[in-house]
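Residues in the sequence shown are numbered from 17 upward in steps of one, following my numbering. For reference, the structure discussed in these notes is given below.
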Amino acid sequence: MRRVACLFLTSLLAAAPAAAAEDGVVVHFAPGSPGSKLAPRYSPKGMKVALAAREAPAPEGHAPLEGRLQLGPAATRGSGRLVVLARSKPEGPYDLLWLDANGDGELGAEERQQATPSTSRGSTWTSFQAVVRINHGTTETPIEEDYPIGLWVAVEDVAAPVSFVRFSRRGFRVGHVSLGDAPHDVVLSDADNDGVLGTGDWWALLPEGEAHGMQHSRKVGDFAWSGTQAWKLEVVGTAGREGRLVPFDPGITPEQDARNRDPLWDDKQAERAEQPLVFAHDVDAAIAAAREAGTPWYLDFETTWCGPCKSMDTYVYTAKDVVEAARGITCIKVDGDEHKELKERHHVESFPTGILFASDGTELARFSGYRGVAQMAAFFRKVSATTTEPAK
């Protein structure tokens, strides 16, 4: 009997590693270093927090405003974290900020910040950094974690009223696991600025030592690869302290998945022109020359910070089909931050925006957002469909 029992126990122990692999691999997360190569190079769009005149005076400053940041689980967030902004000078920017970071309902001296205003893209910016303490447990049994955020106000006229402040998460979580014999880093970050980590937020699975890039980013609920094995991350709780990597079969290969995930795949494979599309940058001179020559023109509104604009420069305006379709059209680049009068005149609200004009200045067509090689070639060919031959 003892021999049978020993054999049974031995068989259980031998089966344990296989069972653990099938059940998943536990990941323990800790705060990541902002300066490390694992830090996400992307962040959620800034969340607007409405501001209203503060009835009680601010600890100092002029024209105080207040709002509430909704952070953490609904069960523990209450009415939100109080944030107060004020001007240090009556006609100056909102450069003073107080944030109830510890959640005690008070604005302590240690929660005061003063920003040094900066100017960028025609606006005055005041930016602040804070670490909010969030309770992911209960009042009786708190589970508290730090949640770093950045806050900012941007205005064209510093004396104008301010109706909101924006904020976005700055922190992230990192774990380390071995999958087979290969060590990996696991990155978890908030995707919607609510301070709650779980389904729909961002995660990444990287071989140890590899830098974190956009190509690694997945939503929690989606799968990522280690070699030829796909994994999903299940997050335990809302604090981002623990998760579990679970094997997953997506029914496709890593190569097929990479192609499916790349929205620019077809544009990257397009045949290249010998020379990319030529753009003029002196807007007035280029339009005047086009009018004199009797040729149509194209205004390409972009900015230095616009990612899709850079992708179009790299993959679309270098494609042979696009360059050939644009032959005979004067193409002009317009920086939307530097030429705000043109941006407003042509009702441009986002970047990139492209507008095609006939030789007499009549608008023929426009688009907003990224356009691929096939779309841009068809866009430029609208000229031949709606206008006569350019004057000789």
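Cβ coordinates follow ideal geometry from the N, Cα and C atoms, glycine included.
Would the beta-carbon of residue i fall within 8 Å of that of residue j?
{"i": "A296", "j": "I345", "result": "no"}
{"i": "V148", "j": "G83", "result": "no"}
{"i": "A46", "j": "P80", "result": "no"}
{"i": "D116", "j": "A131", "result": "no"}
{"i": "A381", "j": "D337", "result": "no"}
{"i": "A306", "j": "S242", "result": "no"}
{"i": "G225", "j": "V43", "result": "no"}
{"i": "V332", "j": "R387", "result": "yes"}
{"i": "L85", "j": "S179", "result": "no"}
{"i": "V171", "j": "S139", "result": "yes"}
By alpha-carbon positions, which one of the options ends up nearest to residue i?
{"i": "R234", "options": "G138, A274, T334, E365", "result": "A274"}
{"i": "Y58", "options": "R93, A207, F183, L195", "result": "A207"}
{"i": "F373", "options": "D197, S104, T311", "result": "T311"}
{"i": "A176", "options": "A394, P109, A306, S375", "result": "P109"}
{"i": "G256", "options": "F264, A246, V190", "result": "V190"}
{"i": "D302", "options": "Q291, Y314, L293", "result": "Here residue 302 is Ala; the residue named in the question, Asp, does not match the sequence. Checked all of Q291, Y314, L293; the closest Cα to A302 is Y314."}
{"i": "D298", "options": "E127, P50, W141, H355", "result": "H355"}
{"i": "A240", "options": "K61, V203, I371", "result": "V203"}
{"i": "E290", "options": "E172, C322, T334", "result": "T334"}
{"i": "A74", "options": "A91, R128, G119, R97", "result": "R128"}
{"i": "G119", "options": "I150, I268, T142", "result": "I150"}
{"i": "P324", "options": "A341, R288, P279", "result": "P279"}
{"i": "E365", "options": "F395, F317, D329, A342", "result": "F317"}
{"i": "A341", "options": "A390, S139, A309", "result": "A390"}
{"i": "P292", "options": "N276, P158, T330, A309", "result": "T330"}
{"i": "H228", "options": "G40, V41, T92, S49", "result": "S49"}
How would you call residue i, buried or exposed, if buried means at least 16 neighbouring beta carbons within 10 angstroms?
{"i": "A30", "result": "Its pLDDT being 33, under 50, A30 is placed unreliably by the model, and nothing is read from it."}
{"i": "S27", "result": "Bear in mind that the predicted position of S27 carries a pLDDT of just 38, short of 50, making it too unreliable to give a figure here."}
{"i": "V399", "result": "buried"}
{"i": "D201", "result": "buried"}
{"i": "W114", "result": "buried"}
{"i": "R19", "result": "With a pLDDT of 43 at R19, under the threshold of 50, the predicted position of this residue should be treated as unreliable, though the coordinate-derived value follows. Exposed, by the Cβ-count rule."}
{"i": "A393", "result": "buried"}
{"i": "S205", "result": "buried"}
Assuming residue i contacts residue j (C-beta within less than 8 Å), just tell me the rounded distance between them.
{"i": "D351", "j": "T378", "result": "Rounded, the Cβ-Cβ distance is 24 Å, inconsistent with contact."}
{"i": "L261", "j": "V193", "result": "6 Å"}
{"i": "F188", "j": "P56", "result": "6 Å"}
{"i": "G457", "j": "V236", "result": "Missing from the structure shown is residue 457; the chain here goes from 17 to 408 and no further."}
* Which runs of the alpha helix (DSSP H) fall wholly inside the segment 189–232 and span at least 4 residues, in chain order? -> none
* To do: For the segment 61–119, list the beta strand (DSSP E) runs that are entirely contained and at least 3 residues long, ordered along the chain.
  => 63–66, 78–85, 97–103, 112–115
* For the segment 137–170, which segments carrying the beta strand (DSSP E) assignment without a break, of at least 3 residues, lie completely within its bounds, in sequence order? -> 139–151
* Asked: Hey, which unbroken runs of the alpha helix (DSSP H) at 4 residues or more fall wholly within the segment 251–306?
  -> 270–277, 281–285
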